[in-house]
Every structure is written in C-alpha cells, then in structure tokens.
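>
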Amino acid sequence: MNAFETVAPTDGLSRRRSWLVPALILLLVFAALPALLAGFDRGYFYQIANLALIFVLLSASMHLVTGVAGLLHLGHAAFYGVGAYTAALLTSKLGLGFTVTLPLSGLVAALVAFLVALPTMRLVSIYFAVATLAIGQMLYLVMLNWVDFTKGPNGIIVSKGFELFGVSLSGRLAAYYTVAAVVTLSVVAIGRLSHSYYGNALRSIREDDQCADAMGVSTVRLKMEAFTLSAFFAGVAGSLWAHMTGYISPGDFKFSESILILAMVVVGGLGSLPGAVIGALLLILLPEGLRALGDFRNIMVGLVMFLSILLLPKGLLGEVSALRLVRRQLGAAWRNTGPGTGKGEGIGWR
Amino acid sequence: MFDPYYLQQLAIGLSLGMTYALMAIGFTLIFGVLNVVNFAHGEIYTLGAFAGLVLISATAPPIVAVILGALAIGALAGFSLERIAFKPFRRFTDEASLKSRAMRESTLLSSLAVSIVVREALEIVFGSQMRSVPFDYLINTPVRVGPVILVTGDFIIFGVAAAMLIGLQYLLTRTRVGLAIRAVSNNPLGAKYVGIDTDRTIITTFVVGSMMGAAAGILMGLYYGAVFPAMGFTPGIKAFVAMVMGGLSSIPGAVICALILGISESMATTFVSSGWSDMVAYGFLILTLIFFPNGLFGARRERV
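Chains A and B are the protein sequences, given in the same order.
Quick note on the numbering used here: the first sequence kicks off at 1 and runs consecutively.
Quick note on the numbering used here: the second sequence kicks off at 1001 and runs consecutively.
Quick look at the structure:
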C-alpha cells in the first residue's frame, strides 16, 4: 500500500513548507475567522462557527474509532450526550464551572464507554454496529426517561457559560476562542494518535483483525482503547455544546445525530482525519449556506452520503492522500529518521 | 397470576409480538436468509403504510384493494432499493470482492443513506405529524374471548403472519426459487457457477421480502390508526432483535422470538413504565449477542 512508502529526506525548502499549511489553518481559525465574525458581529454567525467546530471534534473522534480502527459505530451521539449531561448536571446541581466540567465530561463519557465496551468489544462487523446502535438508544432512553435525574424531555438549562479558573469567557469572541482552542488541541491530539504506531496498530485491526490477532496485536484491548478515547473526545464536545448553548435536551443526541456524524466521516473519507474535518464542515456549513432549501437539510445529508459512497468510495480526501498530506505538513515529529539523519527518535514510519 | 388483568396484558403482549413477527418475517428473508445487510426495510414498511393511506384517501376502495396496492408499492420499492443501493456495489463478481467486508459495509451505509432519503422525503411530502386512518378502515373492533378482550386486527394479523410464515417456508424449502435463494446466500460465486442467475434471485428475494414489509406496514397502519414517516424505525429495530435472537437464518425462530419480545415488552410496560419498555428490546439484543451468539434457534455461525 502506498501509505507505507518511506519519506524522502527533506531539504530546507520543503521543511519550511511543511509548516505552511498548519500555520495557515491556525491563522484562519484564530485570526481571520474571528476578525470576520467580529466584523459581522451577529450572534448567529458565532453560533454557526461554534457548532461547526464542535462537529469537527465529533467527526474527528468518530474518525478514530470508525475510520482508523474500522469499527462501525452507530451510537456516537449518545456519548456526546453523556458528556453534555455531565457538564449540565455538574453545573446545575453542584455549581461547578467549565474548567472542571470539561475534563470531567470527557472522563465520564469515557468511563461509560469503557463499561459498555467490556461486553461488546468482541463482536464483529454488523453485530458490533447494531450493538452500538442498541447502546446509543439505551443511553438516549436513559436521558429521556430518568426524569428525576436528567429532567427527561424538558432538558436542562446550563446557567454558566465558558470560564477559565474563574475568568469569564462568555463573551461572543471569547466563547469562540474557547471552543476553537479546545477543538484544535483535541484534533491535534487525535491526529497524533492516529498517525503513530498506535494508529497503525488500529489500522491493522481494520484491515484484518484475525490476522492482526495472529501477529500479536491485542485486538480487543486496542478496540476498547480506541472506543474509550473516542468517547472521551465526544464527551469533551458535549461539554462545549452544553456551555455554549446553555440548554440541552435528549433530542440533541438521538440516532439521527449519530448518523450525521457517521455521514461526515464517510463523506470526508474513512480513515482520513483531514477528510473527517472537511466532511464535518461541509455537512454543517452547506445546509446553512443553502438555507433556502430549509426542510431539505436532512435529505441532503442522506443524498451526500449516498453519492459519496457511490461515486467517491474513498471519500473527498482518501486515506492515502491524507496520510501523505499529514506526513508532509507535520513531518518533523514522525519523519523517517533514516540513514544520515542520525537518531531514530521519530515516532512515525521507520 | 390468573388474575384476568394479567391475562389481558399477556394477550396484549402476544398481539404486540405478532406485529413484530409480521415485520420480522420479510426482514429475516432479506437480511438473514439472503445475508444482505439492509437498513432500509423499515422505510419499505412506512412506504407500504403511506401507499395504503393515499389509496384510501383518494378513492376509498375496499380493504383488499388497499392491501394489494400496498403490496404493489412494496414490490416496486424492493426492486428499486435493490437497484439503487445494492446493485452498484456488486460491480465486481470475483470471490474476494464478494466476500470482502468493504463491500458488505458499503451496502450497509448505502441502504442507511437510502433510508434517510426516503424518510425525509416522506416527511417533506406528508409532514412529520401522525396522519390518522379513516375510521371505517380500522381493524380494531373489540372481540371478547373468554376473560380477555382482543380486536379483529389481532386475528387478521395472526392469520397474515401465519400465512406468510407457511408460504415462505414452502417457498424456501420446496421450490426451485427457494433453492436458488438458499444457494445464493450460501455461496454467491458457487451459485453463479452452477448456472443460477444470482442477480435475478437477489431481486426476487428483495421483491418478496419488501412486499411482506409493505403488507406489515399497511396492516399496522390500519391496526393502530396512525401513519407517520418515522414509523418504520422502531419496528425495524424490533424485527432485527427478533431476527438476531432467532438465529439469523431461521424465520420460525424469528417469529417465536418476536412473540417473546412482545410479551416481555408488555410485561415491562405493566410493571415498570411504558417509557422504559423499549429498553427490553435493546437489552435482549445485547444479551443475545453476548451469551447466545448463535441465536436461540439458529445454526452455527462462524463469527459474531
């Protein structure tokens, strides 16, 4: 496979170029977009930008489990919901702030994922997919029916916005920067995870789990780790959502949301992180851009998904090209430290 | 225990189970017997119900004509579903791609995508609210049987489900078409080598299974008196659970498990609350997958 070809030794020019794209993306996310948003200064645009960023994180976290590890996950929105409910309940019952709820939401979602993964991780293909569907629906039913604890269909009002160690960040621009910072850090972390030896082990499970097992890869354990990690990031996204909108209800975390996230990963290209990010932006921003279509938003999700499976089976940005891009752009950390470059400290392909 | 109240709940559970069984029969034919992952069966069910509703509100024909209309729409929908969501992914017929996970998962995703499109299209055309079926067509006239009260629909559904079950068993085990279906599900390439038109067999299975799905949809619409675009989702899940519990390829197993599911759910509604009764199906699914991976009545499966 192309993905495993070695990287040619790089000279100074391409080394400088390798920082161009990440720098441009950072500039766009942290300077150009906020400037644009501040220029328009309409709450609605901030809302859309934040929503898109949150779905970028959800899509990236699903990329880890569905794209890289190849486990078809149909209940991702439930873990997003667990994170959101954790944040909302901690805020409304214990009065904790965002600084505390953000990591705790991720941890609680990861814990729930770990517990449900214990019995189900040995299932394969369609059985796994349906088991995750069942788990997602069960969690949704808990959110909907455990009225004493979650207030059921009425939802919960989250009274506190973003803050960092007591400093309020609930202004529009500050909130955008908070969401952007958390999402960027998480996406970088997911990128480092999926483009490492660890990610390659997960890929080996996706390609042929029996073979990987025979080669000594501990498949069940790796699957559980990928599932738990992805739930952690989904929980983080849930906390962002709860503090951003100030109100959550079970309807935000139902089956169709899981499908939407799945569609993002599929459209972008299974196994490709840049693809997952692009897919999320496409499926959130396109319906907003085409507001005239109104009710056709969901039908478009289905159509885009169907057409991309049919016409672009590798997605908008296939895995191989995505891997090349990542290695070229973020080269230094996982560059092949072949002969002539000295120490073998890169974490990438050797 | 022999309180008439519980007997009544048991009867309600049985009739609920019957409605699941009705859905599960067609579902198991496509999914379990043919071994094709089809997430769009719930939408076929919805389409059947809406076809019946449109017919009723347009021309008010006799009930038999309504059901025939729904069957025709079901056949058409099954045919188009196979052409749109499954045929394009059978581009290659060599052994490796027929068995590959990638192909199986792409049809899983494509049928999921088609089901979203159909459901949303129905929502745009008919609105997402429940539409009620005209009173004359409802099949819920109460009938008293000993200490419990049933409705006419229970008997109709029982009759239809039994007819479907027997008809399908006959088709699968006694006719050449059934033999071809079983051959294709067992080994598509082998079936091709011995001269079976696999494409046609798959289409036949889809058409028959979808007709059953559509019939289930219209009967349910007449039974509950309400038709809405998302109505196929829950029965689809229940049918899937019944199929997995029954051991995938066994249609009688799926029917028995649908009855068990219906009774358990009605008991859960009685003793806990109706909001939690859906939990029973999901719980059963997970428990079956973990403890009885071969299903309660199924043959051995390689990997679950």
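C-beta: ideal position from N, C-alpha, C; glycine also.
Because the structure is a prediction, the values reported are computed rather than measured.
1. Which residues in the same chain as B:LEU1034 place their Cβ atom closer than 6 Å to its Cβ, once the five residues preceding and following it in sequence are excluded?
2. Residues of chain B with CB closer than 7 Å to the CB of A:ILE126, please, in chain order.
3. Beta carbon of A:PHE79, beta carbon of A:ALA113: below 8 Å?
4. If I follow the unbroken beta strand (DSSP E) through B:VAL1145, where does it start and stop?
5. Beta-carbon of B:TYR1364 versus every beta-carbon of chain A: anything under 8 Å?
6. Does the beta-carbon of B:ILE1286 have 16 or more other beta-carbons within 10 angstroms, so that it is buried, or is it exposed?
7. Any beta carbon from chain B within less than 8 Å of A:PRO351's own beta carbon?
8. Let me make sure I understand the geometry here. Which of A:LYS93, A:LYS160, A:LEU193 has the alpha-carbon closest to that of A:ASN245?
9. Please state if the CB of B:GLY1209 and the CB of B:MET1245 are separated by a distance shorter than 8 Å.
10. Using CA coordinates, which residue listed in A:LEU90, A:ILE299, A:ALA174 is at the minimum distance from B:ILE1124?
11. Pick from A:ALA87, A:HIS195, A:VAL277: whose alpha carbon is nearest that of A:PHE162?
12. Find the nearest neighbour of A:ALA134 within the set A:SER105, A:SER258, A:GLY302, judged by alpha-carbon distance.
13. Is the CB-CB distance between A:VAL236 and A:LEU102 below 8 Å?
14. With three or more beta-carbon pairs closer than 8 Å as the criterion, would you say the region 1019 to 1030 of chain B touches the region 1253 to 1267 of chain B?
15. Distance, Cα to Cα, B:PHE1155 vs A:ARG122?
16. Could I get the ranges of all uninterrupted alpha helix (DSSP H) runs contained in the region 1219 to 1264 of chain B, with 4 residues as the minimum, in chain order?
17. Go ahead and label B:TYR1282 buried or exposed: buried means 16 or more other beta carbons lie within 10 angstroms of its beta carbon, across all protein chains shown.
18. Determine, using beta carbons only, whether B:PRO1188 comes closer than 8 Å to chain A.
19. Give the interface partners of B:GLY993 over in chain A, defined as CB-CB distance under 8 Å, in chain order.
20. How far does the beta strand (DSSP E) with B:LEU1150 in it extend, from its first residue to its last?
21. Entirely within the region 150 to 185 of chain A and at least 4 residues each: give me those alpha helix (DSSP H) ranges in chain order.
22. Could you tell me the alpha carbon to alpha carbon distance between B:ILE1012 and B:SER1264, rounded to whole angstroms?
23. Between B:GLY1213 and B:GLY1026, which are expected to be in contact by the criterion C-beta below 8 Å, what is the C-beta distance as a whole number of angstroms?
24. Could you tell me if the beta carbon of A:LYS151 falls within a distance shorter than 7 Å of some heavy atom in the ligand ATP?
25. If the cut is a Cβ gap below 9 Å, which residues of chain B does A:VAL130 touch?
26. Can you list the residues of chain B that A:GLY43 reaches, using a CB-CB cut of under 8 Å?
27. For B:SER1057, tell me which candidate among B:SER1273, B:THR1269, B:SER1132 has the shortest Cα-Cα distance.
28. Measure from the alpha carbon of A:LEU90 to the alpha carbon of each residue in A:GLN137, A:MET305, A:THR150, then state which is nearest.
29. Could you tell me the boundaries of the alpha helix (DSSP H) in which B:VAL1133 lies?
30. Find the nearest neighbour of A:ILE190 within the set A:LEU310, A:VAL65, A:LEU283, judged by alpha-carbon distance.
31. Do you know how far the Cα of A:GLY216 is from the Cα of A:LEU37?
32. Looking at the secondary structure, which residues open and close the alpha helix (DSSP H) in which A:LYS254 lies?
33. With 9 Å as the limit, tell me which residues of the region 1119 to 1144 of chain B have their beta carbon closer than that to any beta carbon of chain A; keep them in chain order.
34. Which value, in whole angstroms, describes the spacing of the CA atoms of B:ASP1278 and B:LEU1168?
35. Just checking my contact of A:SER272 with A:GLY67 at CB under 8 Å: how many whole Å lie between their CB atoms?
36. Can you tell me the Cα-Cα spacing of A:VAL116 and A:ALA110, whole angstroms?
So, from the data block:
1. Position 34 of the second sequence, counting from 1, holds the residue named residue 1034 of chain B. Answer for B:LEU1034: SER1185, THR1205, listed in chain order.
2. For this step, residue 126 of chain A is matched to residue 126 along the first sequence. Near A:ILE126 (Cβ distances below 7 Å), the residues of chain B are VAL1037, LEU1108.
3. Taking the first sequence and counting its residues from 1, the one referred to as residue 79 of chain A is at position 79. Taking the first sequence and counting its residues from 1, the one referred to as residue 113 of chain A is at position 113. Yes, these two residues count as a Cβ contact at 8 Å.
4. Looking up residue 1145 of chain B in the second sequence gives position 145. Where B:VAL1145 is concerned, the enclosing beta strand (DSSP E) stretches over 1142 to 1145.
5. The displayed coordinates of chain B run from 1001 to 1304. Any statement about residue 1364 of chain B would go beyond what the structure contains.
6. Within the second sequence, residue 1286 of chain B is the residue found at index 286, counting from 1. The residue is buried, with at least 16 neighbouring Cβ atoms inside 10 Å.
7. As shown, chain A starts at 1 and ends at 350. That puts residue 351 of chain A outside it, with no answer to give.
8. By 1-based counting over the first sequence, the position of residue 245 of chain A is 245. Here the sequence assigns Thr to residue 245 of chain A, which means Asn is not the residue at that position. Answer by Cα proximity: A:LYS160.
9. Along the second sequence, one-based indexing puts residue 1245 of chain B at 245. Along the second sequence, one-based indexing puts residue 1209 of chain B at 209. Contact flag unset, no.
10. Translated into positions along the second sequence, residue 1124 of chain B becomes position 124. Here the closest residue by C-alpha is A:ILE299.
11. One-based indexing of the first sequence puts residue 162 of chain A at position 162. For the residues A:ALA87, A:HIS195, A:VAL277, the minimum Cα distance to A:PHE162 belongs to A:ALA87.
12. The residue labelled residue 134 of chain A in the question sits at position 134 within the first sequence. Among A:SER105, A:SER258, A:GLY302, the Cα nearest to that of A:ALA134 belongs to A:SER258.
13. Numbered from its first residue, the first sequence carries residue 236 of chain A at position 236. Numbered from its first residue, the first sequence carries residue 102 of chain A at position 102. Taking 8 Å as the Cβ cut-off, A:VAL236 and A:LEU102 qualify as a contacting pair.
14. yes
15. Your numbering for residue 1155 of chain B matches position 155 in the second sequence. Your numbering for residue 122 of chain A matches position 122 in the first sequence. Their backbone Cα atoms lie some 42 Å apart in a straight line.
16. 1233 to 1246
17. To locate residue 1282 of chain B, count along the second sequence from 1; it is residue 282. Buried, by the Cβ-count rule.
18. Taking the second sequence and counting its residues from 1, the one referred to as residue 1188 of chain B is at position 188. No, B:PRO1188 lies away from the interface with chain A (no Cβ there is under 8 Å from its Cβ).
19. Outside the displayed range of chain B (1001 to 1304) lies residue 993 of chain B, so it cannot be described from this structure.
20. By one-based count along the second sequence, residue 1150 of chain B stands at place 150. 1148 to 1151 is the span of the beta strand (DSSP E), which, as asked, contains B:LEU1150.
21. none
22. Numbered from 1 along the second sequence, position 12 holds the residue referred to as residue 1012 of chain B. Numbered from 1 along the second sequence, position 264 holds the residue referred to as residue 1264 of chain B. So the two alpha carbons sit approximately 11 Å from each other.
23. If you number the second sequence from 1, residue 1213 of chain B lands on position 213. If you number the second sequence from 1, residue 1026 of chain B lands on position 26. B:GLY1213 to B:GLY1026, Cβ: 4 Å. Contact.
24. The ligand ATP is not among the ligands present in this structure, which contains no ligands whatsoever.
25. Locating residue 130 of chain A in the first sequence gives position 130, counting from the first residue. What A:VAL130 touches in chain B: ILE1237, PHE1240, VAL1241, VAL1244, LEU1285, LEU1289.
26. Indexing the first sequence from 1 puts residue 43 of chain A at position 43. In chain order: nothing, as chain B lies at least about 28 Å away.
27. Taking the second sequence and counting its residues from 1, the one referred to as residue 1057 of chain B is at position 57. Selected option, being the one with the closest Cα: B:SER1132.
28. Position 90 of the first sequence holds residue 90 of chain A. Checked all of A:GLN137, A:MET305, A:THR150; the closest Cα to A:LEU90 is A:THR150.
29. Sequence index remark: in the second sequence, residue 1133 of chain B carries index 133 (1-based). It is not in any alpha helix (DSSP H) - B:VAL1133 carries neither H nor E in the DSSP assignment.
30. What you label residue 190 of chain A is simply residue 190 of the first sequence in a count that begins at 1. Among A:LEU310, A:VAL65, A:LEU283, the Cα nearest to that of A:ILE190 is on A:VAL65.
31. On the first sequence, position 37 is the one that residue 37 of chain A refers to. On the first sequence, position 216 is the one that residue 216 of chain A refers to. Their Cα atoms are separated by approximately 51 Å.
32. By 1-based counting over the first sequence, the position of residue 254 of chain A is 254. No alpha helix (DSSP H) holds A:LYS254; DSSP gives it neither H nor E.
33. ARG1119, GLU1120, ALA1121, GLU1123, ILE1124
34. Within the second sequence, residue 1278 of chain B is the residue found at index 278, counting from 1. Within the second sequence, residue 1168 of chain B is the residue found at index 168, counting from 1. Cα-Cα distance, rounded: 29 Å.
35. Taking the first sequence and counting its residues from 1, the one referred to as residue 272 of chain A is at position 272. Taking the first sequence and counting its residues from 1, the one referred to as residue 67 of chain A is at position 67. About 7 Å separates the two Cβ atoms, so the contact holds.
36. The residue you call residue 116 of chain A lines up with position 116 of the first sequence. The residue you call residue 110 of chain A lines up with position 110 of the first sequence. Approximately 10 Å, taken between the alpha carbons.
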